[in-house]
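Enquirer: Okay, handing you the structure first.
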Amino acid sequence: MDLCHPDPTELSSGEAEELQRIKWHRKQLLEDIQKLKDEIADVFAQIDCFETAEESRMAQKEKELCIGRKKFNMDPVKGIQYLTEHKLLSPDVQDIAQFLYKGEGLNKTAIGTYLGESICCVPDSGLSPGFTPANEADRAPAPREVRSSGKDPKIRKIC
Numbered sequence: 001m002d003l004c005h006p007d008p009t010e011l012s013s014g015e016a017e018e019l020q021r022i023k024w025h026r027k028q029l030l031e032d033i034q035k036l037k038d039e040i041a042d043v044f045a046q047i048d049c050f051e052t053a054e055e056s057r058m059a060q061k062e063k064e065l066c067i068g069r070k071k072f073n074m075d076p077v078k079g080i081q082y083l084t085e086h087k088l089l090s091p092d093v094q095d096i097a098q099f100l101y102k103g104e105g106l107n108k109t110a111i112g113t114y115l116g117e118s119i120c121c122v123p124d125s126g127l128s129p130g131f132t133p134a135n136e137a138d139r140a141p142a143p144r145e146v147r148s149s150g151k152d153p154k155i156r157k158i159c
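Per UniProt numbering, the sequence shown starts with residue 1, numbered consecutively.
If you want it as structure tokens, here you go:
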């Protein structure tokens, strides 16, 4: 008698019933295992989809940031406006100062132009000099080696 594959004629009725229950239970377990494998495959497919979507969002954000930098280098005010409209930069003075300080891909002359224009526009704004965004920007870390493109005399007159 082979223990792995017993001959059903050699088994008692109780043993045959037990063998049938074991086969049925084995079949149920194999079906459950297959269902779990299918569910795991679905979860991995969803994860891949989420990762692809996240990579796509990050690529889109990087593309918009690159466009914003190019716009900033051509016209600093429009560049900052583009970045704030696309929620890549908040209109908060500290965030703008941090963006200028990092200066990744920014033209130093454009940074100087932006700072010169924002400081030169303060008296025209009608705000109290103690509470102007330009004064807050002045206290923020300044970019190193910024060229002010002819605004230096104006800045010196204001200060």
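Virtual Cβ for every residue (Gly too), placed ideally from N, Cα, C. Given the structure is predicted, the values throughout are model-derived calculations rather than measurements.
Taking the alpha helix (DSSP H) that residue 14 falls in, what are its first and last residues?
Expert: For the purposes of this step, residue 14 is identified with residue 14 of the sequence shown, where counting begins at 1. It spans 13 to 74 - the alpha helix (DSSP H) in which residue 14 sits, taken as one unbroken run.
Enquirer: If we count the other Cβ atoms within 10 Å of its Cβ and call it buried at 16 or more, is residue 105 buried or exposed?
Expert: Here residue 105 refers to the residue found at position 105 when the sequence shown is read from its first residue. Per the 10 Å Cβ criterion, exposed.
Enquirer: Helix, strand or coil: which one does DSSP assign to residue 85?
Expert: One-based indexing of the sequence shown puts residue 85 at position 85. Here residue 85 sits in helix by DSSP.
Enquirer: Could you give the residue range of the alpha helix (DSSP H) that holds residue 95?
Expert: On the sequence shown, residue 95 is found 95 positions in, with the first residue counted as 1. Per DSSP, residue 95 belongs to the alpha helix (DSSP H) from 93 to 102.
Enquirer: Is residue 128 buried or exposed, if buried means 16 or more other CB atoms sit within 10 Å of its CB?
Expert: The residue you call residue 128 lines up with position 128 of the sequence shown. In this predicted model, residue 128 has a pLDDT of only 44, less than 50, meaning its place in the structure is not dependable; the value taken from the coordinates is given anyway. It counts as exposed.
Enquirer: So, is residue 40 buried or exposed, given that buried needs 16 or more other C-beta atoms within 10 angstroms?
Expert: As a position in the sequence shown, residue 40 is number 40, starting the count at 1. Looking at its Cβ environment, which holds fewer than 16 other Cβ atoms inside 10 Å, residue 40 is exposed.
Enquirer: Would the beta-carbon of residue 88 fall within 8 Å of that of residue 65?
Expert: Counting from 1 along the sequence shown, the entry for residue 88 is found at position 88. Counting from 1 along the sequence shown, the entry for residue 65 is found at position 65. Yes. Within cutoff.
Enquirer: Round the Cβ separation of residue 77 and residue 51 to the nearest angstrom and send it over; I've been treating them as touching at under 8 Å.
Expert: By one-based count along the sequence shown, residue 77 stands at place 77. By one-based count along the sequence shown, residue 51 stands at place 51. Actually they are not in contact, since the Cβ atoms of residue 77 and residue 51 sit about 37 Å apart, beyond 8 Å.
Enquirer: Pick from 70, 85, 97 and 62: whose alpha carbon is nearest that of residue 107?
Expert: Translated into positions along the sequence shown, residue 107 becomes position 107. Residue 107 has its Cα closest to that of 70, out of 70, 85, 97 and 62.
Enquirer: How many angstroms separate the CA atom of residue 85 from the CA atom of residue 95?
Expert: Here residue 85 refers to the residue found at position 85 of the sequence shown. Here residue 95 refers to the residue found at position 95 of the sequence shown. Cα to Cα, residue 85 sits roughly 14 Å from residue 95.
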